[in-house]
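Colleague: So the sequence shown is numbered by the UniProt record's numbering: it starts at 1 and just counts up by one.
All C-beta atoms in this analysis are idealised placements derived from N, C-alpha and C, irrespective of residue type, glycine included.
Since we're looking at a predicted model, the values are computed, not measured.
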Amino acid sequence: MYLEVNKNDHVQGPVNAPIELIEYADYQCPYCRKAYHIVKDIQKKLGDKVQFVFRNFPLTELHPHALHAAIAAEIAASHGKFWEMHDLLFENQNALDDYYLLEYAKKLGINAAEFETDFGKDRFYQKVKDDYDSGLENDVQGTPTFFVNGEVFDGNWTTSEFIEYLESLISK
């Protein structure tokens with residue numbers, strides 16, 4: 001099955017980049033935090049040659065704060081601050097309970113009362129659920145899971161193998 005970027009995705013980088021990197025991740029997953037830094041390095045190294053797409057895949061049975069963190073990121077997105085919240089959540093992974101989520105929202109200039117009201121709105125939960133469901137449809141079994149140009153990446157994303165593979169796609 002080929003995975004496609006859609007209008008609801010969070011995207012960094014040009015649409016016509018030769019590499020489309022989609023990640024399914026959980027904000028509370030320690031492996032995803034490692035992947036967060038690796039993706040930052042990839043973006044720095046490959047620049048406009050890569051389009052990065054982030055999708056929520058909270059593993060709620062393992063990570064009790066993952067769902068609320070994902071919802072907080074979606075609320076931030078409605079204020080044009082998705083990537084700022086995304087980065088804060090990964091950089092402060094040990095502080096993801098609701099108190100801290102509200103603090104991060106305030107830090108990003110999002111009104112606290114509005115943020116708290118938005119937390120109860122179905123549309124933010126639904127966006128997270130839609131991401132999660134698309135992961136299930138594409139056989140995502142854990143986090144992080146990467147897709148490169150629509151195909152699941154089966155290699156080792158924690159080593160230089162990942163960046164070398166991506167670089168090999170550019171020269172084709």
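#1: Whose C-beta lies closer than 7 Å to the C-beta of residue 1 among residues of the same chain, with five residues either side of it excluded?
#2: Check whether the region 48–61 and the region 20–39 touch, using three or more Cβ-Cβ pairs below 8 Å as the test.
#3: Got a sec? Which residues, its chain only, sit under 7 Å from residue 34 by beta carbon, not counting five neighbours each side?
#4: With distances taken from CA atoms, which of 83, 73 and 114 is nearest residue 40?
#5: Among all the DSSP beta bridges, which residues are the ones paired with residue 147?
#6: Does the Cβ of residue 63 have 16 or more other Cβ atoms within 10 Å, making it buried, or fewer, making it exposed?
#7: Could you check what DSSP says for residue 37 in three-state terms: helix, strand or coil?
#8: What number of angstroms, rounded off, separates the C-alpha of residue 15 from the C-alpha of residue 49?
#9: When the Cα of residue 90 is compared with those of 112, 120, 54 and 109, which residue comes out closest?
#10: Where does residue 1 fall in DSSP's three states?
#11: Rounded to whole angstroms, what is the Cα-Cα separation between residue 75 and residue 95?
#12: To which residues of the same chain is residue 164 closer than 8 Å at the C-beta, ignoring the five residues directly before and after it?
#13: What residue range is occupied by the uninterrupted alpha helix (DSSP H) comprising residue 51?
Modeller: In short, the structure shows the following:
#1: In this predicted model, residue 1 has a pLDDT of only 48, less than 50, meaning its place in the structure is not dependable enough to derive any value.
#2: Yes, since at least three Cβ pairs between the region 48–61 and the region 20–39 fall closer than 8 Å, the two stretches touch.
#3: Cβ neighbours of residue 34 beyond the five flanking positions: 158.
#4: Of the listed residues, the one whose Cα sits closest to residue 40 is 83.
#5: According to DSSP, which records beta bridges pairwise, residue 147 is partnered with 22 and 152.
#6: Buried: at least 16 other Cβ atoms inside 10 Å.
#7: The DSSP-derived three-state label of residue 37 is helix.
#8: Per the coordinates, the alpha-carbon of residue 15 lies some 10 Å from the alpha-carbon of residue 49.
#9: It is 54 whose Cα lies nearest to the Cα of residue 90.
#10: Only weak support exists for where residue 1 lies, its pLDDT of 48 falling under 50; the coordinates are left without a value.
#11: Going from the Cα of residue 75 to the Cα of residue 95 covers about 18 Å.
#12: Excluding residues up to 5 positions away in sequence, nothing lies with its Cβ nearer than 8 Å to the Cβ of residue 164 in the same chain.
#13: Here residue 51 belongs to no alpha helix (DSSP H); instead the beta strand (DSSP E) covers 50–56.
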